[in-house]
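Peer 1: Quick one: structure below, then a few questions.
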Amino acid sequence: MNSLAKLLEAALFASPRPIPTDELRALDADASKAAVQSALDELREHYNVDGHGVELVEQGGGWQVLTRPEYTEAIERAQMAVRPHRLSGAALETLAIIAYRQPIGRADIAEIRGVDVGAILKSLLERGLVDVVARGEGLGRPLLYGTTPLFLEQFALRHLEELPRIDELSIALRSSEPATAPATAPVPAVSAA
Amino acid sequence: MNSLAKLLEAALFASPRPIPTDELRALDADASKAAVQSALDELREHYNVDGHGVELVEQGGGWQVLTRPEYTEAIERAQMAVRPHRLSGAALETLAIIAYRQPIGRADIAEIRGVDVGAILKSLLERGLVDVVARGEGLGRPLLYGTTPLFLEQFALRHLEELPRIDELSIALRSSEPATAPATAPVPAVSAA
Amino acid sequence: MTSPHQGASVGQGSFVVELTTFNGPLDLLLSLIRDEKVDIYDIPIAHICKQFLAKMHELAMNDAADYLEMAARLLRIKAQMLLPRHEGEVQWDDPRAELVRRLLEYQQMREVVDVLERLGEDRRNRFARAWTPTLSAPPQAPLALSLAELLVAVDRVIRSVKQPGVHDVVPRAIDVDGAIAIVRALLALRASARWRDVVRDDAEPWEVLSALLALLELARRSELKLAQNRPFSDVEIRRELAGEAA
Chain A
1 MNSLAKLLEA ALFASPRPIP TDELRALDAD ASKAAVQSAL DELREHYNVD
51 GHGVELVEQG GGWQVLTRPE YTEAIERAQM AVRPHRLSGA ALETLAIIAY
101 RQPIGRADIA EIRGVDVGAI LKSLLERGLV DVVARGEGLG RPLLYGTTPL
151 FLEQFALRHL EELPRIDELS IALRSSEPAT APATAPVPAV SAA
Chain B
1 MNSLAKLLEA ALFASPRPIP TDELRALDAD ASKAAVQSAL DELREHYNVD
51 GHGVELVEQG GGWQVLTRPE YTEAIERAQM AVRPHRLSGA ALETLAIIAY
101 RQPIGRADIA EIRGVDVGAI LKSLLERGLV DVVARGEGLG RPLLYGTTPL
151 FLEQFALRHL EELPRIDELS IALRSSEPAT APATAPVPAV SAA
Chain C
1 MTSPHQGASV GQGSFVVELT TFNGPLDLLL SLIRDEKVDI YDIPIAHICK
51 QFLAKMHELA MNDAADYLEM AARLLRIKAQ MLLPRHEGEV QWDDPRAELV
101 RRLLEYQQMR EVVDVLERLG EDRRNRFARA WTPTLSAPPQ APLALSLAEL
151 LVAVDRVIRS VKQPGVHDVV PRAIDVDGAI AIVRALLALR ASARWRDVVR
201 DDAEPWEVLS ALLALLELAR RSELKLAQNR PFSDVEIRRE LAGEAA
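Protein chains in written order, with this note's numbering: chain A, 1 to 193; chain B, 1 to 193; chain C, 1 to 246.
Below, the structure is given as C-alpha cells:
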C-alpha cells in the first residue's frame, strides 16, 4: 500500500466512529482530494482481495472499518464483543417517521402512529439516534426532532437519501376518493407474516 | 491470510481490551494452540511485510492491533483541525441552566432537566465551559457549578449580565435565527401532503 | 422475520388463542383488515368495528386509552355510515376517508420499518473498533456555538419545567367530546369501569380534566352512574342505559 493509504488505515483503526472525508484529508496537507479517494480505494481493495477479517465501508457521513459479518457469531460467543440490543418495533416506527418527516414534533408522530410516543422518544434521544433540531411554531412552540449522524451509522446509510423514496414504496398514497377506488384494489400485506 | 488469521484480526479489532492467547482459542473450538500461534504470526507478518498503518503487538497481557506510532502525530493534528464540534441539545440545556442559575449543584440541575446530568457536566467541565465555583450548604456540601471566562468568550459576551433576562428571552428568540438546522437534508414527506 | 408481532400460542380448550402484541390501534386495525381480507378502500366498518372490539376484549388491554380512542372513532364512523343518503346528492363525504388515509400512511411507514430493520440488522452484525488509544489527552475540537443556540436551550428548559406558576401556557385545550367518546366506547365493551380505566396514570392535567367533565356530563344524561363505595376508594362507572355505542 502507498504511504497515504497506510496513514488512512492508521486513522481509521484509531476511531470507533466513521471519519468524514474532510477529516481524512486533514491528515495530509499535501494530499489532493483525488489522492485521498484513490488511497481509500486502494485500502478497500486490499481488504477485499487480500483476505482480511475487516472491511472498509462508507456510511454515516464518513468512512469506517468494520468487522466482516461472518465472524460476528464467533466473536460474540467468545465474549470479546457484544452486539447492541435490537430496537423494538415501536422504536423503529418512531424512527421511520422522524427520518422521513423531520423536523417533526411529538404530537405529529403520535398522530401517525396512533399512540403516544413520549417514552420512546426519550429513549431514542438517550441512545443518540434523534435529537432536538428546532422549535415548531404555534402554541408552546413544540420541540421538533430529527435524526442524528449516529442514526445513519447504525443503519449503515451514507445519507438519508439512501432510504427508499416514498414513490418507490409499494404503497404510495393514493387519493382515497371512494368512487375511484377499484373494487379489486389489492389488500396490501402489512408486513410479511 | 488463512481463515483463522482473519477471524483473529476481526476479534482483535472488535475487542475493547488486549486478548491473551488462551482466550483467542475460544474463537475456534477446532483450533489448536499451535494453530492460533501460527495464525498470530501470519497476521503480524502480514502487517509488517505488506506495509500497513497498524501492527500486531503483545502487551497488557494480550494481543492488540495498534496504530503504528509514526502516524499518531498526524492523527492528533487532524483531529484538531477537523470541523468544530457542536454541543448536543442536552448539553446546551445544561449549560443554559448553569448560566442562569449559578452557582448551582448537580442535583438541582438534574431536578430541572428531569434526568441525571453527570456525564454532560463532566464533558462541559472538560471543555472548560463550566467549573466548580463553590460548595453548597447541607448534606455532603455539594459542589456548585458556574460558567467560566471561556464561556463568555465562546458566546462573545463581556460579562454575564449581557445575557438577556428571562422575561426578555422571547423577544431575543424572535429576532434570532433558528438555532440548529437539521444536520441532514430533508427527504420527501411520508404523507402526500 | 420482519413481523413486529411477537406471537405466543396458548392452548385453550380445543382452539388456540394467538396472544399478540400490537404496536398500537392502527397496527391492530391493519392486521384485522389483512386477516379478514377486506378492501382497505371499502372497509366494511360495522364488521371491522365488531372485530376490533372483540380483539380488544380478547387481549384484555390494560393501558388501552389509545385503543379506546380508536374504538370510539370506529363507532362514530359506523353511525355516520347509517345516516340516510339523499338521492341525487352529488357530494358524499365518505366518513371513512380520513381513517383510510391514516391507515395507508401508517402502512407506508411499516414498509420503511421493514427496510430499517433489515439495514439495522446488517449493521448489528459488524463490530466497529472498540479499543481507542489513550494517546495524550484527546484533543478537543473547537466548539461551534452561537448565543442563539444557548438562548433557545434556555427557552426549552423554561418550557419543559412542569412547575405550576412558572408559565401559564395551557398545553392543550380540554377535549370533553373526545373523552365522552372514550368513555362510551369503554362502556360498550363492559358494563362497568373504573377511573383508572378512563385515565392513564401518566395523564396530562388536560386529560384528567376532560375525563372528569365527560363523566359528569354522561352521568347528567343518565348514560352512566358513578359510585364510590368508600371515601377515597376507586370511583366505579356503571353503564346505566344501553348506550348508543353498544
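C-beta: ideal position from N, C-alpha, C; glycine also.
(1) Based on the DSSP output, what are the partners of K19/A in its beta bridges?
(2) Cα separation between A195/B and S38/B?
(3) Residues in its own chain within less than 8 Å of G128/A by CB, not counting five upstream and five downstream?
(4) For I97/A and E9/A, what's the separation of their Cα atoms in angstroms?
(5) Could you give the DSSP three-state label for A10/B: helix, strand or coil?
(6) Considering only residues of the same chain and omitting the five flanking positions on each side of L189/C, which have a CB-CB separation below 7 Å?
(7) Check the Cβ-Cβ distances between P4/C and every residue of chain A, and say whether any is below 7 Å.
(8) Give the straight-line distance between the Cα atoms of P16/B and W131/C, rounded to the nearest whole angstrom.
(9) Pull up the distance between the alpha-carbon of I40/C and that of L99/C, whole angstroms please.
(10) Label V49/B either buried or exposed according to how many other C-beta atoms from any shown protein chain fall within 10 Å of its C-beta, with 16 as the threshold for buried.
(11) With distances taken from CA atoms, which of L43/A, G51/A, A74/A and I75/A is nearest V65/A?
(12) Along chain C, which residues have their Cβ under 7 Å away from the Cβ of R68/B?
(13) If you draw a straight line from the alpha carbon of D122/C to that of A156/A, how long is it in whole angstroms?
(14) Tell me which residues share the same chain as P20/B and place their Cβ nearer than 8 Å to its Cβ, disregarding the 5 neighbours each side in the sequence.
(15) Look up D131/B in the DSSP assignment and give the residues it is bridged to.
(16) Mapping DSSP to helix, strand and coil, what is L4/B?
(17) Helix, strand or coil for V113/C per DSSP?
(18) Of the residues that make up the segment 50-61 of chain A, which ones have a beta carbon closer than 9 Å to any beta carbon in chain B?
(19) Enumerate, from N- to C-terminal direction, the unbroken alpha helix (DSSP H) stretches of 4 or more residues contained entirely within the segment 89-135 of chain A.
(20) Closer than 9 Å, Cβ to any Cβ of chain C: which residues of the segment 15-33 of chain B, in chain order?
(21) Should A191/C go down as buried or exposed, given a rule of 16 or more other Cβ atoms within 10 Å for buried?
(22) Could you check the C-alpha separation between L125/C and L56/A for me, to the nearest Å?
(23) Is there a Cβ of chain B sitting closer than 7 Å to that of L209/A, yes or no?
(24) Looking at L218/C and L224/C, is the spacing between their C-beta atoms short of 7 Å?
(25) If you measure beta-carbon to beta-carbon, which residues of the segment 135-169 of chain A are closer than 8 Å to chain C?
(26) Kindly indicate which three-state DSSP category A26/A falls into: helix, strand or coil?
(27) With DSSP run on the structure shown, which of helix, strand or coil describes A81/A?
(28) What residues in its chain sit with their C-beta under 6 Å from that of R34/C, if we drop five residues either side in the sequence?
(29) Thinking just about the alpha-carbon of each residue, which of V199/C, V176/C, Y67/C and K50/C is nearest to the one in D26/C?
(30) From the DSSP output, read off the bridge partner residues of L56/B.
(31) Mind pulling the chain A residues with CB within less than 7 Å of E223/C?
(32) Are the Cβ atoms of G146/A and P84/A separated by less than 7 Å?
(33) So with CB distances below 7 Å, who are the chain A contacts of D122/C?
(34) So which residues of chain B does R129/C contact, with C-beta pairs closer than 7 Å?
(35) Do you know how far the Cα of L12/A is from the Cα of E69/C?
(36) If you measure between the beta carbons of D67/A and V54/A, is that distance less than 7 Å?
Peer 2: So, from the listed chains and residues:
(1) Reading off the sequence shown, one finds Ile at residue 19/A, where the question assumed Lys. Looking at the DSSP assignment, I19/A forms a beta bridge with W63/A.
(2) Residue 195/B falls outside the range modelled here, since chain B spans only 1 to 193, and no answer is possible.
(3) T148 and L150
(4) 36 Å
(5) helix
(6) L53, M56 and H57
(7) Caution is warranted here: a pLDDT of 42 is assigned to P4/C, below 50, making its placement in the model unreliable, and the coordinate value is therefore given only provisionally. Answer yes: the Cβ-Cβ gap between P4/C and chain A drops below 7 Å somewhere.
(8) 4 Å
(9) 10 Å
(10) exposed
(11) L43/A
(12) In chain order: nothing, as chain C lies at least about 12 Å away.
(13) 8 Å
(14) G61, G62 and W63
(15) G146/B
(16) helix
(17) helix
(18) D50, G51, H52, G53, V54 and G61
(19) 89-101, 106-113 and 118-126
(20) S15, P16, R17 and P18
(21) exposed
(22) Note on residue identity: the sequence assigns Asn, not Leu, to residue 125/C. Roughly 15 Å between the two C-alpha positions.
(23) Summary: the structure shown does not reach residue 209/A, with chain A confined to residues 1 through 193, and so no result is reported for it.
(24) yes
(25) R135, L139, G140, R141, L143, E153, Q154, F155, A156, L157, L163, P164, I166 and L169
(26) coil
(27) coil
(28) none
(29) According to the sequence shown, residue 26/C is Leu rather than Asp. That would be Y67/C, whose Cα lies nearest to the Cα of L26/C.
(30) V65/B
(31) Chain A residues near E223/C: none, gap ~26 Å exceeds 7 Å.
(32) no
(33) A156
(34) F13
(35) 52 Å
(36) Here residue 67/A turns out to be Thr, not Asp, going by the sequence shown. Closer than 7 Å, so yes.
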